[in-house]
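Colleague: The structure that follows is given in the form of structure tokens.
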Amino acid sequence: MAGRVQGKVALVTGGASGIGRATALAFAREGAKVVVSDVVSSGGEETVALIRGAGGDALFVKADVAQPAEVNALISQVVATYGRLDCAFNNAGIEGVMASTVECTEENWDRTLAINLKGVWLCMKAEIAQMLKQGGGAIVNTASVAGLVGFAGLPAYVASKHAVVGLTKAAALEYAKSGIRINAVCPGVIHTPMVERLFQRNPQAGERIAALEPVGRLGKPEEIAEAVVWLCSDAASFVTGLPMAVDGGLIAQ
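Sequential numbering from 61 applies to the sequence shown in the working numbering.
This is how it looks when you write it as structure tokens:
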């Protein structure tokens with residue numbers, strides 16, 4: 061039986077670990093050729109090796125999503141290698157430094173917004189331009205439950221993720237009649253290196269956040285990957301502009 065994205069070309073940014081790696085593997089399992097991108101070459105190459113080891117077709121391209129020239133070169137490399145871009149998962153992001161709004165530094169604010177928001181916007185600009193040329197495609201951006209509700213102590217992160225949700229909705233409306241669907245996933249507390257770092261820096265805050273999950277456990281990167289692949293597949297052909305919470309019921313409270 062053919063995979064859900066059989067024969068399509070998929071790009072995953074932030075693909076060196078966590079949700080990005082899990083999604084790259086899921087795309088490959090479901091029949092896509094996958095371009096993995098990250099600033100961490102070793103992790104990105106490892107993701108590609110895992111895909112190839114399972115019989116898939118994958119390529120690693122190092123790129124900083126906050127740098128326009130690198131983003132444009134990334135999309136050019138995708139098209140030069142595989143001829144098109146059907147699915148894009150703009151997942152690269154950072155949590156920034158945990159601090160109150162008053163204590164948040166300008167450096168932390170600028171870096172968090174540059175990667176989490178500007179990076180998504182730059183990727184979308186290049187991806188949409190290519191998808192318009194070829195007649196369509198599907199884009200999924202990584203937002204967060206912190207893009208739907210507030211969390212104290214992470215003002216830059218929360219602001220960036222709320223902005224990603226808004227950007228996703230605006231772009232979805234702009235290109236709805238052009239065959240380009242644009243959605244966002246809003247993960248809850250997922251067992252990833254990012255969350256592990258947060259727990260290590262502030263164990264009490266980490267425990268409080270984990271305890272918010274009604275299902276009683278952290279989510280798995282693979283559970284987010286399944287949502288992303290579905291949103292990029294033809295099964296979601298009437299879904300666009302959606303910030304999909306994949307959060308174990310966290311924001312239902």
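Idealized CB from N, CA, C, for every residue including glycine.
What does the Cβ neighbour count give for G67, buried or exposed, with the cut at 16 atoms within 10 Å?
Modeller: Along the sequence shown, one-based indexing puts residue 67 at 7. When all chains shown are included, G67 counts as exposed.
Colleague: Might you give, ordered along the chain, the residues of its own chain that have their beta carbon closer than 7 Å to the beta carbon of I111, omitting 5 neighbours on each side?
Modeller: In the sequence shown, counting from the first residue as 1, residue 111 sits at position 51. Cβ neighbours of I111 beyond the five flanking positions: A84, L85, A88, V94, A118.
Colleague: Quick check: the region 136-143 against the region 68-75, are there 3 or more CB pairs under 8 Å?
Modeller: Yes, the region 136-143 is in contact with the region 68-75.
Colleague: In chain order, what residues of the same chain have a beta carbon less than 6 Å from the beta carbon of K185, not counting five sequence neighbours either side?
Modeller: The residue given as residue 185 occupies position 125 in the sequence shown. Taken in chain order, the list of residues that qualify is empty.
Colleague: With distances taken from CA atoms, which of I250, A123, S293 is nearest L310?
Modeller: One-based indexing of the sequence shown puts residue 310 at position 250. If we check each option's Cα against that of L310, I250 comes out closest.
Colleague: What's the C-alpha gap between E90 and N262?
Modeller: For this step, residue 90 is matched to residue 30 along the sequence shown. For this step, residue 262 is matched to residue 202 along the sequence shown. For E90 and N262, the distance between alpha carbons rounds to 38 Å.
Colleague: Answer with buried or exposed for F298, where buried requires no fewer than 16 other C-beta atoms within 10 angstroms of its C-beta.
Modeller: By one-based count along the sequence shown, residue 298 stands at place 238. Exposed is the call here.
Colleague: Between V245 and V200, is the Cβ-Cβ spacing less than 8 Å?
Modeller: Here residue 245 refers to the residue found at position 185 when the sequence shown is read from its first residue. Here residue 200 refers to the residue found at position 140 when the sequence shown is read from its first residue. It is a contact, given that the beta carbons lie within the stated cut-off.
Colleague: Taking the alpha carbon of I154 as the reference point, which residue from A206, E187, T161, D294 has its own alpha carbon closest?
Modeller: The residue labelled residue 154 in the question sits at position 94 within the sequence shown. Ranking A206, E187, T161, D294 by Cα distance to I154 puts A206 first.
Colleague: Who are the Cβ neighbours of P128 in its own chain at under 7 Å, not counting the five residues just before and after it?
Modeller: As a first step, residue 128 must be located in the sequence shown, where it is residue number 68. Once the five neighbours on either side are set aside, the close Cβ partners of P128 are L182.
Colleague: Using only CA atoms, which one of L278, Y217, N150 lies nearest to W169?
Modeller: By 1-based counting over the sequence shown, the position of residue 169 is 109. W169 has its Cα closest to that of Y217, out of L278, Y217, N150.
Colleague: Between P215 and E163, what straight-line distance do the alpha-carbon atoms span, to the nearest angstrom?
Modeller: Translated into the one-based positions of the sequence shown, residue 215 becomes position 155. Translated into the one-based positions of the sequence shown, residue 163 becomes position 103. Approximately 10 Å, taken between the alpha carbons.
Colleague: So, are the CB atoms of P247 and D307 less than 8 Å apart?
Modeller: Here the question's residue 247 lines up with position 187 in the sequence shown. Here the question's residue 307 lines up with position 247 in the sequence shown. For P247 and D307, yes; Cβs fall inside 8 Å.
Colleague: Taking the DSSP output, what are the residues bridged to P247?
Modeller: Walking along the sequence shown from the start, residue 247 turns up at place 187. DSSP, once it has assigned bridges, lists V306 as partnering P247.
Colleague: In three-state DSSP terms, what is C183?
Modeller: The sequence position of residue 183 within the sequence shown is 123, counting from 1. Of the three classes helix, strand and coil, the one that applies to C183 here is helix, per DSSP.
Colleague: Could you have a look at N168 and say whether DSSP puts it in helix, strand or coil?
Modeller: Taking the sequence shown and counting its residues from 1, the one referred to as residue 168 is at position 108. DSSP places N168 in helix when its eight states are reduced to three.
Colleague: Just how far apart, CA to CA, sit A123 and V99?
Modeller: As a first step, residue 123 is located in the sequence shown; it is residue number 63 there, counting from the start. As a first step, residue 99 is located in the sequence shown; it is residue number 39 there, counting from the start. Rounded to whole angstroms, A123 to V99 spans 6 Å at the Cα level.
Colleague: Please name the residue, chosen from A82, E106, G116, A76, that lies closest to S97 on a Cα-to-Cα basis.
Modeller: Numbered from 1 along the sequence shown, position 37 holds the residue referred to as residue 97. When each option's Cα is compared against that of S97, the closest is A76.
Colleague: What is the DSSP secondary structure of G197, reduced to helix, strand or coil?
Modeller: Within the sequence shown, numbered from 1, the residue matching residue 197 stands at position 137. Note: G197 maps to strand in three-state DSSP.
Colleague: Whole angstroms are fine: how far does the CA of L208 sit from the CA of V225?
Modeller: Reading the sequence shown from its first residue, position 165 is the one you call residue 225. Reading the sequence shown from its first residue, position 148 is the one you call residue 208. Cα-Cα distance, rounded: 8 Å.
Colleague: When you compare the CB positions of G78 and T300, do they come within less than 8 Å of one another, or not?
Modeller: Here residue 78 is taken as the residue at index 18 of the sequence shown, counted from 1. Here residue 300 is taken as the residue at index 240 of the sequence shown, counted from 1. No; because the gap between Cβ atoms is not below 8 Å, this pair is not in contact.
Colleague: Hey, could you find the ends of the beta strand (DSSP E) V72 is sitting in?
Modeller: Looking up residue 72 in the sequence shown gives position 12. 69-73 is the span of the beta strand (DSSP E), which, as asked, contains V72.
Colleague: When the Cα of K280 is compared with those of R81, G63, A296, A62, which residue comes out closest?
Modeller: Position 220 of the sequence shown, counted from the start, is the residue given in the question as residue 280. Nearest C-alpha to K280: R81.
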